[in-house]
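According to this note's numbering, the residues represented by the sequence shown are 391 to 795, in order.
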Amino acid sequence: MEQHIFGVAEVNQLVKCLLDNEPMLQKLYVRGELSNYKIYPSGHHYFTLKDPEGALRCVMFRGQASKLRFRPENGMKVIAAGRISVFPRDGAYQLYCDSLTPEGAGDLAVAFEQLKTRLYAEGLFDPAHKKPLPPYPERIAIVTSAAGAAVHDMIRILNRRYPLAKVILLPVRVQGAEAPPEIAGAIRYADKWKIGDVIITGRGGGSMEDLWAFNDERVARAIYGCETPVISAVGHEPDVTIADFVADARASTPSNAAEIAVPDQMELRRWLRGAGERMEQSQEARLETLRQRLETLRSSRVMTDQLAYVQDRRMELAHVQRRLGDLSGVLVSRKRERFSALAAALDAMSPLKVLGRGYAMARSEAGAVLKSYQDVSAGDHVSVTLGEGGFSCTVDTSYKKERKR
Numbered sequence: 391m392e393q394h395i396f397g398v399a400e401v402n403q404l405v406k407c408l409l410d411n412e413p414m415l416q417k418l419y420v421r422g423e424l425s426n427y428k429i430y431p432s433g434h435h436y437f438t439l440k441d442p443e444g445a446l447r448c449v450m451f452r453g454q455a456s457k458l459r460f461r462p463e464n465g466m467k468v469i470a471a472g473r474i475s476v477f478p479r480d481g482a483y484q485l486y487c488d489s490l491t492p493e494g495a496g497d498l499a500v501a502f503e504q505l506k507t508r509l510y511a512e513g514l515f516d517p518a519h520k521k522p523l524p525p526y527p528e529r530i531a532i533v534t535s536a537a538g539a540a541v542h543d544m545i546r547i548l549n550r551r552y553p554l555a556k557v558i559l560l561p562v563r564v565q566g567a568e569a570p571p572e573i574a575g576a577i578r579y580a581d582k583w584k585i586g587d588v589i590i591t592g593r594g595g596g597s598m599e600d601l602w603a604f605n606d607e608r609v610a611r612a613i614y615g616c617e618t619p620v621i622s623a624v625g626h627e628p629d630v631t632i633a634d635f636v637a638d639a640r641a642s643t644p645s646n647a648a649e650i651a652v653p654d655q656m657e658l659r660r661w662l663r664g665a666g667e668r669m670e671q672s673q674e675a676r677l678e679t680l681r682q683r684l685e686t687l688r689s690s691r692v693m694t695d696q697l698a699y700v701q702d703r704r705m706e707l708a709h710v711q712r713r714l715g716d717l718s719g720v721l722v723s724r725k726r727e728r729f730s731a732l733a734a735a736l737d738a739m740s741p742l743k744v745l746g747r748g749y750a751m752a753r754s755e756a757g758a759v760l761k762s763y764q765d766v767s768a769g770d771h772v773s774v775t776l777g778e779g780g781f782s783c784t785v786d787t788s789y790k791k792e793r794k795r
């Protein structure tokens, strides 16, 4: 019998048929650590599952990968479900993965922590970004299911606490794949058109799966982008969602959100009564002060004796006049004494006094005072001034005074 010689492709196809027909390999669960995880533009995911003793190549096609609710990362321990088969082109067998589940924790828990870490790093949880709630809102927009008990509780509490506020419901689905885009769209719509002064979004309690719409990144970014303050009211007290971290205020329950959103009319009434009483007391005290002031003015001298003011001012004026007179007399006396002293000093310095003692003053024809024999020559005409009168003369001769020996 002649031996059959196989081609490479035939061998690969034979192995593929053997593996595809093995029931044990058609629904296989494999535990391992993710390695070399890559996502290609086609949407297919390629990775390796490994443990200390071996490695297994895996592929997850785009259809199955789109159902992942967490982001697989290298080093993550997972349980992969799928089938073993061979890709005939290269002859390598691999696990065709249908689903991935993080080992030790549900995929929703891992997805929650991953999104929480990423949004925190981007600053969506930053307290500096959170806006204060309006103290007295006129309109309140509620984004939730119209059929749930939560919305009826909120409307009842809002009407009881603060009936002045108008409640506007934007009904959306709060569970299922269609819920996140509806919730995000309603929040953006309410913010864009200023439907309310504050927005409440949330739902009643449930499992993590039920509340998952409020852990969606689209809802988180819609809340973060709001200019209108947002209150997150999802589930019960222990329930925490991504929306709670991003919102401007977190309520433990939808009913608590209604209590946070508006003031209590009973407390406002008490405050107004107290304010009214304080205003009344303040006005009474003010009126009493004015009465006392009026009584003081009424009994004052200016009111009992109308001329008293004029008389007092007249006395003050007379006193000022006397003081001015005294001061002016002293000042004039001082000025007169100084004038006399200056006049005496000036008179003592007068050349006429010198001439009166027998001296004379000679001047040239030009009027210049002659101080030296060199100022005149023989034949010059000079004028001589005496203590009383004077005379003119002609110089016969001039000479230098000789010193006595």
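By construction, the Cβ of each residue, glycine as well, lies at the ideal position given by its N, Cα and C atoms.
message = In this structure, how does DSSP classify R447 when only helix, strand and coil are distinguished?
response = Looking up residue 447 in the sequence shown gives position 57. Three-state result, R447: strand.
task = Answer with buried or exposed for Q484, where buried requires no fewer than 16 other C-beta atoms within 10 angstroms of its C-beta.
result = Within the sequence shown, residue 484 is the residue found at index 94, counting from 1. It counts as buried.
inquiry  = Taking its Cβ as the centre, do 16 or more other Cβ atoms sit within 10 Å of A518, making it buried, or is it exposed?
reply    = The residue you call residue 518 lines up with position 128 of the sequence shown. With fewer than 16 other Cβ atoms within 10 Å, it is exposed.
S622, buried or exposed, once every other Cβ within 10 Å from all chains shown has been counted against 16 = Taking the sequence shown and counting its residues from 1, the one referred to as residue 622 is at position 232. Label assigned to S622: buried.
inquiry  = Just to confirm before moving on: does the CB-CB distance between P653 and D638 stay below 8 Å?
reply    = As a first step, residue 653 must be located in the sequence shown, where it is residue number 263. As a first step, residue 638 must be located in the sequence shown, where it is residue number 248. The answer is no: Cβ separation not under 8 Å.
message = Checking the sheet assignment: what are the DSSP bridge partners for R421?
response = The sequence position of residue 421 within the sequence shown is 31, counting from 1. Partner(s): I469.
task = Pull up the CB-CB distance for Y789 and Y749, whole angstroms please, since I reckon it's below 8 Å.
result = Taking the sequence shown and counting its residues from 1, the one referred to as residue 789 is at position 399. Taking the sequence shown and counting its residues from 1, the one referred to as residue 749 is at position 359. That pair is no contact at about 19 Å.
message = In the DSSP assignment, the alpha helix (DSSP H) including I650 goes from what residue to what residue?
response = Your numbering for residue 650 matches position 260 in the sequence shown. Per DSSP, I650 belongs to the alpha helix (DSSP H) from 644-651.
key: Cut-off 7 Å between Cβ atoms - residues of its own chain near P628, not counting five sequence neighbours on either side   = Residue mapping note: residue 628 aligns to position 238 of the sequence shown, counting from 1. Same-chain partners within the cutoff: there are none.
request  = Compare the C-alpha of G444 against each of R459, S425, F502, K457 and name the closest.
outcome  = On the sequence shown, position 54 is the one that residue 444 refers to. Considering only alpha carbons, the answer is S425.
ask   = Just to confirm, are F515 and F635 a CB contact at a threshold of 8 Å?
value = Numbered from 1 along the sequence shown, position 125 holds the residue referred to as residue 515. Numbered from 1 along the sequence shown, position 245 holds the residue referred to as residue 635. Going by C-beta atoms, F515 is nearer than 8 Å to F635.
task = Output the boundary residues of the beta strand (DSSP E) element that contains M751.
result = Within the sequence shown, numbered from 1, the residue matching residue 751 stands at position 361. Its beta strand (DSSP E) spans residues 751-754.
ask   = How about the stretch 595-608 and the stretch 566-578: do they share at least three Cβ pairs that are nearer than 8 Å?
value = yes
ask   = Residues in its own chain within less than 7 Å of V557 by CB, not counting five upstream and five downstream?
value = Along the sequence shown, one-based indexing puts residue 557 at 167. So the list reads I530, I532, I545, L548, once near-sequence residues are dropped.
query = When the Cα atoms are used, what is the spatial distance from N402 to E423?
reply = Within the sequence shown, numbered from 1, the residue matching residue 402 stands at position 12. Within the sequence shown, numbered from 1, the residue matching residue 423 stands at position 33. N402 and E423: Cα-Cα distance of roughly 28 Å.
request  = Can you say whether M450 is buried or exposed, counting buried as having 16 or more other CB atoms within 10 angstroms of its CB?
outcome  = Stepping through the sequence shown from its first residue, residue 450 is reached at position 60. Buried, because 16 or more other Cβ atoms sit within 10 Å of the Cβ of M450.
query = Which whole-angstrom value is the C-beta distance of A603 and V541, which I expect to be below 8 Å?
reply = Here residue 603 corresponds to residue number 213 of the sequence shown, with the count starting at 1. Here residue 541 corresponds to residue number 151 of the sequence shown, with the count starting at 1. The Cβ separation is near 15 Å, so there is no contact.
ask   = Going by C-alpha distance, which of L559, Y526, C487, P527 is nearest A799?
value = For residue 799 there is no data in the structure shown, the boundaries of the chain being 391 and 795.
request  = Grab me the residues of D786's own chain with a C-beta within less than 7 Å of its C-beta, minus the 5 sequence neighbours each way, in chain order.
outcome  = Counting from 1 along the sequence shown, the entry for residue 786 is found at position 396. A768, listed in sequence order.
request  = Pick out whichever of S489, L408, D480, I474 has its Cα sitting closest to the Cα of H434.
outcome  = For the purposes of this step, residue 434 is identified with residue 44 of the sequence shown, where counting begins at 1. The residue with the shortest Cα to Cα distance from H434 is S489.
task = Would you check if there are 3 or more beta carbon pairs closer than 8 Å linking the stretch 470-484 to the stretch 407-423?
result = yes
N- and C-terminal bounds of the beta strand (DSSP E) containing L560 = Taking the sequence shown and counting its residues from 1, one reaches residue 560 at position 170. 556-561 is the extent of the beta strand (DSSP E) around L560.
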